[in-house]
Structures are given as C-alpha cells and as structure tokens.
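For the sequence shown, numbering that gives the first Met the number 0 assigns the number 0 to the initial residue and increments by one for each residue that follows. The beta carbon of each residue, even a glycine, is placed where N, CA and C say it ideally should be.
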Amino acid sequence: MATLLLGIGFVALFFIMMSVRLIFLKDGQFKGTCASQSPFLNKEGEACGYCGKKPGEACGKNEEPQNEVEKVLSKFN
C-alpha cells in the first residue's frame, strides 16, 4: 500500500512541477513550444510545421478554437 501511495505522490508531484509556470504566473503559458526555436532541431532555419512560424517570430497558432469541433480540426491543419 505504501508503494502505491508513493507512486501516486510522485506522479502528482511531476504534474505540479510541470505546471509551475501556469499556476504562479498570470496568463502563464509554455514558451518555446515550436521546434523552430531549438537550434538543435532546426539547423536549416525552416518554418514550424504546426503553425508556420519562422525562427524569431511568435507562434502563429495563438488563437484558441471556439468549439470542440474546431479544436479537433485544428489538430489536422
């Protein structure tokens, strides 16, 4: 039983630590989510395959879909 509780505690701690920025900052968001921000992943300076962002620009997918159908469809665009 102690092992199960310890495992659940580690998983909970993991998610809390991953969301520190979202919890403590107003309008907190993950930064640098585009692969084009990483010089290791994008050595040629190509645009992001998800949002079309070029290195040094803001993400092109900042607008939030209005309903659930648009959220699902946006994943395929």
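Is residue i buried or exposed, if buried means 16 or more other CB atoms sit within 10 Å of its CB?
| i | result |
| --- | --- |
| Lys52 | buried |
Using DSSP with H/G/I as helix, E/B as strand and the rest coil, what is residue i?
| i | result |
| --- | --- |
| Glu43 | coil |
| Glu69 | helix |
| Leu5 | helix |
| Leu12 | helix |
| Leu21 | helix |
Of all the options the options, which has the alpha carbon lying nearest to the alpha carbon of residue i?
| i | options | result |
| --- | --- | --- |
| Cys50 | Ile15, Ser73 and Phe9 | Ser73 |
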